Every structure is written in structure tokens, then in C-alpha cells.
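Residue numbers (the working numbering): 136 to 294. Heads up, the beta-carbon is just placed ideally off N, CA and C, and yes, glycines get one too. Values in this document were obtained by computation on a predicted structure and should not be read as measured data. In what follows, a single structure is set out as C-alpha cells and then discussed.
Written out as C-alpha cells, the structure reads:
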């Protein structure tokens with residue numbers, strides 16, 4: 136997957152997408168809303184089993200207790216955690232459809248460096264081209280098409 140000025144190129148197709156409200160940056164920081172530059176790999180996929188079937192056999196269901204730590208003081212910063220949780224986090228099971236399907240990138244992951252940014256996902260956009268908090272987002276239909284074809288290790292290249 137390659138991010139271009141026109142969208143994301145994947146498997147011979149071009150997909151319109153949304154990027155971070157903080158634009159694309161090589162010096163990504165927690166909370167800046169930027170999409171980080173780099174060559175990132177897909178390392179996981181989560182989906183809402185109450186809203187869709189698993190797009191691939193390796194996709195993991197999102198349950199009510201599933202969270203993602205975004206607290207720089209947390210040893211589990213930028214990783215999946217479970218409720219109840221005392222540190223700052225994102226709920227993966229949201230009321231809106233934004234995280235019904237999530238592709239997880241390896242940006243600042245294993246080991247995560249506190250403050251360099253967390254939860255850089257590929258997910259559904261709020262509406263066409265509406266900025267994200269640093270993720271890459273697609274229409275629901277395009278995201279599901281991509282998810283059915285993507286593999287662990289697929290690269291997301293952001294320049």
C-alpha cells in the first residue's frame with residue numbers, strides 16, 4: 136500500500152483516503168494528529184463480530200473490554216490492553232462504526248517509545264476525506280475490500 140497525493144495505491148487500484156489532521160510528518164509525537172512517514176507493516180486486524188463477519192481467518196474479534204493504551208506513562212504504551220484499565224486509552228469497541236474494522240500497523244511498536252505516537256491504524260473514515268488523529272482511513276466498502284486481501288506483513292508506505 137502506497138500513499139500518494141491522490142490516495143492509496145493497493146493491488147493495482149487507487150483508493151481515496153483520509154490522513155491525519157496534523158498532515159504527514161517525519162517527527163510524529165503523541166497527540167499531534169499527524170500521520171507518520173515511513174514504511175510500516177500490517178501486524179494485525181481487529182473487527183466487530185456483532186457488526187460483520189471476520190474479513191480474514193487471522194482477524195481478531197473486538198470485545199467490550201478491548202482497549203489500546205495511549206498513555207506515555209504506561210509500560211503497555213501503544214499496545215492492546217483490557218478493561219478495567221487505569222491509564223489513558225482508546226476504546227476499540229466504539230458506538231460509532233469508526234473501529235468496526237481496524238488494521239494495526241507496526242508504527243512505534245515493540246518496543247514502543249513513549250511520546251512518539253500510538254494507535255496508528257487503518258480504519259473507516261468518518262466521512263469522505265475527513266481528517267483522522269493520525270491514522271489512514273477509507274470508506275467502509277474500500278476498507279472491507281482491502282481487508283479481505285491484505286496479509287500480515289503488507290507494507291503501508293507513507294512519504
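Inset, instruction - Determine the extent of the alpha helix (DSSP H) in which residue 236 is found, giving its start and end residues. - result: No alpha helix (DSSP H) holds residue 236; the beta strand (DSSP E) holding it covers 236 to 240.
Legend entry - contact_flag[the stretch 209 to 216, the stretch 140 to 147] where n(CB pairs < 8 Å) is 3 or more: No contact exists between the stretch 209 to 216 and the stretch 140 to 147.
Legend entry - Three CB pairs or more closer than 8 Å across the stretch 147 to 154 and the stretch 266 to 273: Touching, yes.
Legend entry - Every unbroken alpha helix (DSSP H) inside the stretch 148 to 190 [4 residues or more]: Within the stretch 148 to 190, there are no complete alpha helix (DSSP H) runs of at least 4 residues.
Legend entry - beta strand (DSSP E) segment containing residue 202, residue limits: Taken as a continuous stretch (DSSP letters only), the beta strand (DSSP E) holding residue 202 covers 201 to 204.
Legend entry - Residue range of the unbroken alpha helix (DSSP H) whose run includes residue 291: Premise fails: residue 291 lies in the beta strand (DSSP E), 290 to 293, not in any alpha helix (DSSP H).
Legend entry - The beta strand (DSSP E) enclosing residue 257, as first and last residue numbers: Annotation for residue 257: the continuous beta strand (DSSP E) segment containing it runs 256 to 259.
Legend entry - Between the CA atoms of residue 137 and residue 217 - distance to the nearest angstrom: In this structure, the CA atom of residue 217 is about 32 Å from the CA atom of residue 137.
Inset, instruction - Figure out for me which residue from 207, 201, 238 and 234 has the closest Cα to the Cα of residue 220. - result: Looking from the CA of residue 220, the closest CA among 207, 201, 238 and 234 belongs to 201.
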